[in-house]
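Participant: Please find one structure pasted underneath; my questions will follow.
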Amino acid sequence: MKKILISGASVAGPALAYWLHRHGFAVTIVERAPALRVGGQAIDVRGVALDVVDRMGLLGELQKSRTRMHGMSVLDGDGTELMRSTEHAISSGRLDSDDIEVLREDLTQLLFERTGDDVEYLFDDSVVTLDQDDRGVRVTFERTAPRTFDLVIGADGLHSTVRRLAFGPEADYIHHLGTYLSVYTMENFLGLEDWQLWFRDGDLGGGIYPARQNTELRVNLGFMSGPISYDHRDLDAQRRLIADRFAAMRWEVPRFLAGMWTAPDFYFDAMAQIRIDSWSRGRVALLGDAGYCASPLSGQGTSLALVGAYVLAAELAAAGGDHVTGFAGYERRMRPFVTVNQALATENPGGPASEESIERAKRAISVDDGTALLTP
Numbered sequence: 000m001k002k003i004l005i006s007g008a009s010v011a012g013p014a015l016a017y018w019l020h021r022h023g024f025a026v027t028i029v030e031r032a033p034a035l036r037v038g039g040q041a042i043d044v045r046g047v048a049l050d051v052v053d054r055m056g057l058l059g060e061l062q063k064s065r066t067r068m069h070g071m072s073v074l075d076g077d078g079t080e081l082m083r084s085t086e087h088a089i090s091s092g093r094l095d096s097d098d099i100e101v102l103r104e105d106l107t108q109l110l111f112e113r114t115g116d117d118v119e120y121l122f123d124d125s126v127v128t129l130d131q132d133d134r135g136v137r138v139t140f141e142r143t144a145p146r147t148f149d150l151v152i153g154a155d156g157l158h159s160t161v162r163r164l165a166f167g168p169e170a171d172y173i174h175h176l177g178t179y180l181s182v183y184t185m186e187n188f189l190g191l192e193d194w195q196l197w198f199r200d201g202d203l204g205g206g207i208y209p210a211r212q213n214t215e216l217r218v219n220l221g222f223m224s225g226p227i228s229y230d231h232r233d234l235d236a237q238r239r240l241i242a243d244r245f246a247a248m249r250w251e252v253p254r255f256l257a258g259m260w261t262a263p264d265f266y267f268d269a270m271a272q273i274r275i276d277s278w279s280r281g282r283v284a285l286l287g288d289a290g291y292c293a294s295p296l297s298g299q300g301t302s303l304a305l306v307g308a309y310v311l312a313a314e315l316a317a318a319g320g321d322h323v324t325g326f327a328g329y330e331r332r333m334r335p336f337v338t339v340n341q342a343l344a345t346e347n348p349g350g351p352a353s354e355e356s357i358e359r360a361k362r363a364i365s366v367d368d369g370t371a372l373l374t375p
């Protein structure tokens, strides 16, 4: 039985682990965090990704967990309503769509529950070195004793450690899209009920929506900027970046900023894409954001992770575990799907892509026969 190490326990890693176990591989997941991460944005499962979660037996559970927004308001910098809609939500698109919007931690919890009994999880640990030869990949960890695996998959996000170790510096592959975003949770002091608020004032903007039966607010604050230097591990330094940028904003922004300092799930990062000529180097391959981050601006990151996991596992299984053949098949099938979905993030700078482009992109691959379904 071939042994595969996956780095990252968000969406892509556990989804891949589920399918690899089904195909008879022995799977270990290493995750830097001490437990499953909570918080984060509402995320969308769309198109072909719905077929994948259905095959995992998760579709019904996801439908129960969907956010079920009733609409949205767009505000100016003073909080004055400029428009409202009961047909669309900026975070999820058309409200009558079959697509499912859920909180990120609800999906990761479901994936963990599906894999926890069959997959070894190493929390509070991380890959330090990778040394591969024709027999396998010797991996050293921060805490766990060194081990050798047949394959290693980097599903560890935009700032992937596996990618850095096997492919080279992040700067060689990251493409900034000119925006930074923070996301965190605070009390629902606005009393929002299944309704989103979105505002913009020059280069600053944000989105506010309720969660957990309207008891919480998920706050998204973002600003436009070229690449800036900051420590990805220093959360207080990141909070200061947001506080400084939004210091002069009016309406309820001061209360949002006050809540930011005590939010346990604060997240901050650049809106960026990863573009790389090949997703594998020998026995190491990349999955999801680590290999082809489309950025939250595309709305397709979660779907790319779920579909990519399904395709990668299927191709490795079809190749009998041969990584050269399996990785080549994975890239052949996924590359066109990734390309059309990454394009969504830059189609309409400052706004969402067209509904026509989204509909085309979210089903631009088949999970049945490997034939891409791109249309002119």
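Residues 0 to 375 (numbering that gives the first Met the number 0) are what the sequence shown spells out, left to right. For glycine and all other residues, C-beta sits at the position ideal for the given N, C-alpha and C.
If distances are taken between C-alpha atoms only, which option among 167, 48, 82, 178 comes closest to residue 280?
Facilitator: As a position in the sequence shown, residue 280 is number 281, starting the count at 1. The shortest C-alpha separation from residue 280 is found at 167.
Participant: Identify the continuous beta strand (DSSP E) that holds residue 13 and give its terminal residues.
Facilitator: Position 14 of the sequence shown, counted from the first residue, corresponds to residue 13. Unbroken run through residue 13 is the alpha helix (DSSP H), 11-21; no beta strand (DSSP E).
Participant: Where do the N-terminal and C-terminal ends of the beta strand (DSSP E) with residue 295 fall, by residue?
Facilitator: Against the sequence shown, residue 295 aligns to sequence position 296. Looking at the DSSP string, residue 295 is not in any beta strand (DSSP E), and its letter there is neither H nor E.
Participant: Inspect the CB distances between the segment 26-43 and the segment 94-104 and report whether three or more fall short of 8 Å.
Facilitator: With the cut-off at 8 Å, the segment 26-43 and the segment 94-104 touch.
Participant: Look at the alpha carbon of residue 120 and the alpha carbon of residue 285, and state the distance between them as a whole number of angstroms.
Facilitator: As a position in the sequence shown, residue 120 is number 121, starting the count at 1. As a position in the sequence shown, residue 285 is number 286, starting the count at 1. C-alpha separation (whole angstroms): 19 Å.
Participant: Give every residue of the same chain whose Cβ lies closer than 7 Å to the Cβ of residue 373, excluding the five residues on either side of it in the sequence, and list them in chain order.
Facilitator: Taking the sequence shown and counting its residues from 1, the one referred to as residue 373 is at position 374. In this prediction, residue 373 has a pLDDT of 36, which is less than 50 and means its spatial position is unreliable; nothing more can be read from the coordinates.
Participant: With burial defined as no fewer than 16 other Cβ atoms inside 10 Å of the residue's Cβ, what is the status of residue 46: buried or exposed?
Facilitator: Walking along the sequence shown from the start, residue 46 turns up at place 47. Buried is the call here.
Participant: Would residue 100 be called buried (16 or more neighbouring beta carbons within 10 Å of its own) or exposed?
Facilitator: Within the sequence shown, numbered from 1, the residue matching residue 100 stands at position 101. Answer is buried; the Cβ neighbour count reaches 16.
Participant: Have a look at 22, 81, 14 and flag the residue whose alpha-carbon is nearest the alpha-carbon of residue 198.
Facilitator: Numbered from its first residue, the sequence shown carries residue 198 at position 199. With distances taken between Cα atoms, residue 198 lies closest to 81.
Participant: Go ahead and pull the three-state DSSP assignment for residue 381.
Facilitator: Any property of residue 381 remains undetermined from this structure, which presents the chain solely from 0 to 375.
Participant: For the putative contact between residue 3 and residue 152, defined by C-beta atoms under 8 Å, what is the C-beta separation to the nearest angstrom?
Facilitator: Against the sequence shown, residue 3 aligns to sequence position 4. Against the sequence shown, residue 152 aligns to sequence position 153. So it is a contact: roughly 6 Å between Cβ atoms.
Participant: Please list, in chain order, all residues of the same chain as residue 12 whose beta carbon is under 6 Å from its beta carbon, the five residues on each side excluded.
Facilitator: Numbered from 1 along the sequence shown, position 13 holds the residue referred to as residue 12. Cβ within range, chain order: 5, 28, 154.
Participant: Quick check for students: name the residue ranges of the alpha helix (DSSP H) that lie wholly in the segment 56-120, counting only runs of 4 or more.
Facilitator: DSSP runs (the alpha helix (DSSP H)) wholly in the segment 56-120: 58-64, 103-114.
Participant: Are there 16 or more other CB atoms within 10 angstroms of the CB of residue 377, so buried, or fewer, so exposed?
Facilitator: Residue 377 lies beyond the residue range present for the chain, which begins at 0 and ends at 375; the question has no answer from this structure.
Participant: Who are residue 210's beta bridge partners in DSSP?
Facilitator: If you number the sequence shown from 1, residue 210 lands on position 211. Residue 210 pairs with 215.
Participant: Of the choices 300, 239, 315, whose alpha-carbon is the least far from that of residue 330?
Facilitator: On the sequence shown, residue 330 is found 331 positions in, with the first residue counted as 1. Nearest of 300, 239, 315 to residue 330, Cα basis: 315.
Participant: With C-beta atoms as the reference, is residue 170 less than 8 Å away from residue 129?
Facilitator: Taking the sequence shown and counting its residues from 1, one reaches residue 170 at position 171. Taking the sequence shown and counting its residues from 1, one reaches residue 129 at position 130. No, they are not a contact pair.
Participant: Helix, strand or coil for residue 285, going by three-state DSSP, please let me know.
Facilitator: On the sequence shown, residue 285 is found 286 positions in, with the first residue counted as 1. Three-state DSSP puts residue 285 in a strand.
Participant: Can you confirm whether the segment 41-59 touches the segment 173-183 when touching is taken to mean that 3 or more C-beta pairs between the two stretches lie within less than 8 Å?
Facilitator: In short, these stretches do not touch, since the Cβ pair count stays below three.
Participant: Roughly how many whole angstroms lie between the Cα atoms of residue 193 and residue 118?
Facilitator: The sequence position of residue 193 within the sequence shown is 194, counting from 1. The sequence position of residue 118 within the sequence shown is 119, counting from 1. Using only the alpha carbons, I get a separation of about 36 Å.
Participant: Could you tell me which residues DSSP puts in a beta bridge with residue 258?
Facilitator: Here residue 258 is taken as the residue at index 259 of the sequence shown, counted from 1. Answer is none; residue 258 lacks a bridge partner.
Participant: Do residue 142 and residue 116 have their CB atoms nearer than 8 Å?
Facilitator: By 1-based counting over the sequence shown, the position of residue 142 is 143. By 1-based counting over the sequence shown, the position of residue 116 is 117. No, these two residues do not count as a Cβ contact at 8 Å.
Participant: Taking the continuous beta strand (DSSP E) assigned at residue 147, which residues delimit it?
Facilitator: Here residue 147 refers to the residue found at position 148 when the sequence shown is read from its first residue. Looking at the DSSP string, the run of the beta strand (DSSP E) that includes residue 147 is 146-148.
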